[in-house]
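Asks:
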Amino acid sequence: MAAVLGQDTLAWRDQFGEIPPAESSRPHFRPLAAVLLDFTNERPGTTDQLMRETFASLAAGPIS
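Under this note's numbering, read the sequence shown as residues -1 to 62, first letter to last.
#1: Within a Cβ cutoff of 6 Å, which residues of the same chain sit near P42, ignoring the five residues on either side of it in sequence?
#2: Candidates R50, L56 and A32: which alpha carbon is nearest R11's?
#3: Would T45 be called buried (16 or more neighbouring beta carbons within 10 Å of its own) or exposed?
#4: To the nearest angstrom, how far is the alpha carbon of L3 from that of A58?
#5: Whose C-alpha, out of L56, E51 and T38, is nearest the C-alpha of T7?
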């Protein structure tokens, strides 16, 4: 949602506080996957940057 709106995804998620255990144990683990991606790249915001670049390329138009 945040990436589509052009917002920082980390800041957007952080506004809701810590991820509760019930949420983190669900099979919908995309937020945790994003944290893992950031951690393995040793750079917070890697997922946010990747999402912004992806949406920017989609907005640029179809690939010929």
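Glycine is no exception: its CB is placed at the ideal position from the N, C-alpha and C atoms.
It should be emphasised that the depicted structure is a prediction, and the values quoted were computed from it without experimental measurement.
Replies: This is what the structure holds:
#1: D36
#2: A32
#3: buried
#4: Straight-line Cα distance between these residues: approximately 16 Å.
#5: E51
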